[in-house]
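Residue numbers (our numbering), protein chains in the order written: chain P, 9 to 148; chain W, 591 to 1182.
We treat Cβ as the ideally placed atom computed from N, Cα and C, and that holds for glycine.
Bear in mind that the values here come from a model prediction, so they are computed numbers and not experimental data.
Before any comments, here is the structure.
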């Protein structure tokens, strides 16, 4: 999703959750998934940079790893320390998949650590270009 | 461009690097809890050897102070006027008694000092003050020429050192008992320069098992102790003996007969020591007076036979060289028996291990001479019979034939005599065991075991008795940095995660985070909750040890969390402790 218009981190999470729920049957218990995402976000910050958030949950509500990505239309406050988040990557992993979860989060962290990639993602004019930047970054 | 670096980030990166290094070392060397135990066993051996050497030095110092001579005990006694010979052991007994009496105030409330008890039926805790008091008293008994061995206090001190290490490292009771056993092995190895016998002494007599779980650490401790003594004192074997050999198979019947004789004499010897103790107690004299009286008897005997003084080492050397007449030796043996009974019976702290060797050497030599006189072909060299007699007597007294054979071999480094030695020791053991079910050591252990309540040891055989409480824990929102710090500080492979009510939620595994230690960005995001393994196996405090073993069979880790029925984390159970306890339980009927 690009240019998502929301007013808070929780709204961003809900929007991405809604998108995932609609697009994949792997989200088996949407309510539980939402609950686990919000519970995790309440435990500790899910941001890895000033403008990047990775809300995530290890949950029984998904059958396999699911990922939804969105660029905000404007800065969104996820928590007091991260008031200007623009990129949100929402991840759901099955309970037992500890290694896979770490693998996914590590790959995303590596990718988003790159300032150029972040700038390209933020500057992509269309969703297609946004996806292309993501694909190129993934290949690297 | 100036790089601005956050000190917290730098610290985190450094910590992750350290943790990566730790994981690398662990993977390359893979030190398990057993291997770590071996390291501590080696350290216990080193300290045990040092304490033994210090005790030996102090005993010699006490002897010089009391006699004004730096010669051996027997030589010094020969140089003194008769009245001094009479008075000296009595003065030693008096001083030792005073030390023990004064020491009672210092050691009030402390448990028994006996290391065997600590290993076999106790918690592995050997009290320091009480042991120091006993060892100080022993310095006076030994230094004044009392007919008692040095090895007892030396082993005791080595055991104290090991117990101290174990308590400092907060070992669990089975580990602590094993550590004290390592100390005892180091003490024997140092006292007799006999590392194999030191290991087997403890394994065979005290632990009652030669399972590798315990024998390995005992061997490491004994080897380090013997090495330390050899480096610091350049000592070789204890007894330098001429080359003995089995001249003809026809000698074997005589050796078998010697085994029977040693097997009969040894229980008598033990009973006489016990009887002497009863007689001294029956006098109702205070301890100080009893010990003075015991010393006085030794002094009186020493006026005519100064060879009764000390542990008997120098006389054994004389016997093994064949430089003694049988009539003189008969007198020596009789007087030595009486002197040892007096010293031991009066309560002088010390050992009867070396005096037992004396009795065996004396009996063996006398028997060998008798056979030689009647039938020279049946006992070609009576000195060889003295050597074999030592092993046989030791085997019969201690009920530990394997240890006795090995000890004799190590003390003399004479392999030629091994065939008759083995046969004679085994015959002596079976004879003694048939006559008297108790050994020198089982007597002490049985008495103590009867005094200890049923809760000691592994009465119920439940996990709660082996559990180590207060394992390192994390909260579910602990950050990666805290997780890394705790992994570095605790050397465990799984950290337990609990909630505010101390309920067990799962574990964070070092194995899971290992590939990501090079990614500090991840460290800011990941918390314990994200990588928690909720399905982590656990064991209940009331589970039996075999149930716990079953859990370990399907689990690769070294520790399992102990969780009660309400889900509360009570502690952790180590696989090493569990195996040690199962080994201990298997041999329990021997002790009680």
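Contacts that residue 54 of chain P makes with chain B (C-beta to C-beta distance below 8 Å): Looking at the structure shown, chain B is missing, and the protein chains on hand are P and W.
Proximal residues of chain P, C-beta to C-beta of residue 1067 of chain W below 9 Å: 51, 52
Closer than 8 Å to chain W by CB, residue 114 of chain P: Answer yes: the Cβ-Cβ gap between residue 114 of chain P and chain W drops below 8 Å somewhere.
Alpha carbon of residue 1058 of chain W to alpha carbon of residue 1101 of chain W, nearest angstrom: 23 Å
Rounded distance between the beta-carbons of residue 809 of chain W and residue 776 of chain W, thought under 8 Å: That belief does not hold up - the Cβ atoms of residue 776 of chain W and residue 809 of chain W are roughly 11 Å apart, past 8 Å.
Counted within 10 angstroms of its Cβ, other Cβ atoms place residue 630 of chain W as buried (16 or more) or exposed: buried
is_contact[residue 1112 of chain W, chain P] using C-beta, thresh 8 Å: yes
Under 7 Å by beta carbon: chain W residues contacting residue 66 of chain P: Proximity of chain W to residue 66 of chain P at the Cβ level (cut-off 7 Å) is accounted for by 1120, in chain order.
Straight-line Cα distance separating residue 1060 of chain W from residue 1160 of chain W: 7 Å
Cβ-based contacts, 8 Å cut-off: residues of the region 13-33 of chain P near chain W: none
As assigned by DSSP and simplified to three states, the class of residue 139 of chain P: helix
In DSSP terms, what residue 90 of chain P is bridged to: P:87
Which of helix, strand or coil DSSP assigns to residue 1053 of chain W: helix
Neighbouring residues, chain W, relative to residue 75 of chain P (Cβ below 9 Å): Per Cβ cutoff of 9 Å: no residues; residue 75 of chain P is ~15 Å from chain W at best.
Separation of residue 936 of chain W from residue 1010 of chain W, as counted between CA atoms: 36 Å
Residue 693 of chain W versus residue 743 of chain W - alpha carbon distance: Cα to Cα, the separation comes out at about 16 Å.
Separation of residue 22 of chain P from residue 39 of chain P, as counted between CA atoms: 11 Å
CB contact flag (residue 816 of chain W, residue 785 of chain W, <8 Å): yes
Contacts of residue 110 of chain P in chain W (Cβ-Cβ under 9 Å): 1102, 1103, 1105, 1106, 1112, 1116, 1120, 1121, listed in chain order.
Every unbroken alpha helix (DSSP H) inside the region 832-905 of chain W [4 residues or more]: 842-872, 877-894
First through last residue of the beta strand (DSSP E) which encompasses residue 1184 of chain W: The shown model of chain W, from 591 to 1182, leaves out residue 1184 of chain W, and the question about it has no answer.
CA-to-CA distance, residue 1150 of chain W to residue 1157 of chain W, given in whole angstroms: 14 Å
Extent of the continuous beta strand (DSSP E) run through residue 1098 of chain W: 1094-1099
Range of the contiguous alpha helix (DSSP H) that encloses residue 66 of chain P: First-last for residue 66 of chain P: 64-67, but that is the beta strand (DSSP E), not the alpha helix (DSSP H).
Beta carbon of residue 739 of chain W nearer than 8 Å to that of residue 938 of chain W: no
Residue 1123 of chain W versus residue 598 of chain W - alpha carbon distance: 28 Å
Per-residue DSSP class, three states only, for residue 129 of chain P: DSSP places residue 129 of chain P in helix when its eight states are reduced to three.
Neighbour list for residue 1148 of chain W in chain P, Cβ cutoff strictly below 8 Å: The contacting residues do not exist; residue 1148 of chain W stays about 20 Å from chain P at best.
When P:73, P:136, P:65, P:120 are compared against residue 150 of chain P, the one with the closest alpha-carbon: Outside the shown range of chain P, which is 9 to 148, sits residue 150 of chain P, and nothing can be said about it.
Residue 796 of chain W - containing beta strand (DSSP E), residue span: It is not in any beta strand (DSSP E) - residue 796 of chain W carries neither H nor E in the DSSP assignment.
Selection of the region 1123-1138 of chain W by Cβ proximity to chain P, strictly under 8 Å: 1123, 1124, 1125
Simplified DSSP state of residue 1046 of chain W, which is helix, strand or coil: Confidence at residue 1046 of chain W is low in this model, with a pLDDT of 42, below 50, so its placement is unreliable and no value can be given for it.
N-terminal and C-terminal residue of the beta strand (DSSP E) that residue 57 of chain P is part of: Note, residue 57 of chain P: beta strand (DSSP E), 55-57.
Burial state of residue 990 of chain W (16 or more Cβ within 10 Å): buried
Helix, strand or coil at residue 998 of chain W according to DSSP, with G and I counted as helix: helix
Distance between residue 983 of chain W and residue 720 of chain W (C-alpha atoms, nearest Å): 31 Å
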